[in-house]
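Quick note, the sequences are listed as chains F and V, same order.
Residues 918 to 1051 (this note's numbering) make up the first sequence, in order.
Residues 918 to 1051 (this note's numbering) make up the second sequence, in order.
Before any comments, here is the structure.
There are 2 protein chains.
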Amino acid sequence: MIGRLNHVAIAVPDLEAATATYRDTLGARVSQPQPEPDHGVTVVFIELPNTKIELLEALGDNSPINAFLERNPSGGIHHVCYEVEDILAARDRLVETGARVLGTGEPKIGAHGKPVLFLHPKDFNGTLVELEQV
Amino acid sequence: MIGRLNHVAIAVPDLEAATATYRDTLGARVSQPQPEPDHGVTVVFIELPNTKIELLEALGDNSPINAFLERNPSGGIHHVCYEVEDILAARDRLVETGARVLGTGEPKIGAHGKPVLFLHPKDFNGTLVELEQV
Chain F
918 MIGRLNHVAI AVPDLEAATA TYRDTLGARV SQPQPEPDHG VTVVFIELPN
968 TKIELLEALG DNSPINAFLE RNPSGGIHHV CYEVEDILAA RDRLVETGAR
1018 VLGTGEPKIG AHGKPVLFLH PKDFNGTLVE LEQV
Chain V
918 MIGRLNHVAI AVPDLEAATA TYRDTLGARV SQPQPEPDHG VTVVFIELPN
968 TKIELLEALG DNSPINAFLE RNPSGGIHHV CYEVEDILAA RDRLVETGAR
1018 VLGTGEPKIG AHGKPVLFLH PKDFNGTLVE LEQV
């Protein structure tokens, strides 16, 4: 069912400093910061040859990463995102096996403009999993 | 400097259960478990089209993931591994910029039989980073 690893998301307290670390210390190709007010984050893409890292900074008081950053003030790996071809079929299969889909269970349009779902970390070894239909 | 994302490592308390989750719930291709006594872990590779996830279970009393699993009893994302062409050049560049290399600073032979180094999470937004020479 799952296909490519679309991205690894790392929540950071200071996007400018984190971007500089990836660009200058690790020598990676980095994008301009992209505010996503609908998703409560500003994102920088670290473009690797086979996938990408997304650095997330909180945007606004209701950012979905605020609680994570309170628990992890220096930042940390927030989630992994796997691609699926058919998100509704994926959702139905997951629910059938007893895995919990976060929120209403209906896909939302994610930060890349595509349907996404998040799965409960407790059902996936403490790992928050995003599925994105591509 | 950094190239491909070689793998994302997820520490898990129960490798058999975690493997079943990836195989049966997420429908991914999984390897047989591979004990790595020299590295204190047993590994299952989740083979995605563009990279891999490594599920790590502690092997032995001195496993390097024991402390992590004590803090995160249901498991969690342990580290990300980036490929580099020349690990000594990478190390020297990192040290020059003030980043801390864990251990002696000399590369060790990692679980894939290639030279690796680990970088201090505090210098990389709370993320443990492994570099592997490929």
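Yeah, the Cβ is synthetic: ideal placement off N, Cα and C, and Gly gets one too.
Here the structure is a predicted model, which is why all the values come from computation and not from measurement.
Subject >> the region 980 to 993 of chain F in contact with the region 1007 to 1015 of chain F per 3-pair CB rule at 8 Å >> reply: no
Subject >> Proximity winner among Thr968(F), Lys969(F), Asn979(F) and Gly1030(F), relative to Val958(F) (alpha-carbon distances) >> reply: Asn979(F)
Subject >> Cβ-based neighbour list, Met918(F), same chain, cut-off 7 Å, excluding 5 preceding and 5 following >> reply: Val1001, Ala1007 and Arg1010
Subject >> Cα-Cα separation, Pro954(F) to Ile994(F) >> reply: 21 Å
**OP:** At 8 Å on the CB atoms, spell out the chain V contacts of Ala1054(F), in chain order.
**Re:** Outside the displayed range of chain F (918 to 1051) lies residue 1054(F), so it cannot be described from this structure.
Original post:
Of all the options Pro966(F), Thr968(F), Leu972(F) and Thr1014(F), which has the alpha carbon lying nearest to the alpha carbon of Gln949(F)?
Top reply: Leu972(F)
Subject >> Reduced DSSP secondary structure (H/G/I, E/B, other) of Val1012(V) >> reply: helix
Original post:
Does DSSP classify Thr968(F) as helix, strand or coil?
Top reply: coil
Original post:
Using the C-alpha atoms, what's the distance from Ala937(V) back to Pro1038(V)?
Top reply: 30 Å
Original post:
Under the rule that 16 or more other beta-carbon atoms within 10 Å means buried, what is Ala934(V), buried or exposed?
Top reply: exposed
Original post:
Got a sec: is the Cβ-Cβ distance from Pro966(F) to anything in chain V below 7 Å?
Top reply: yes
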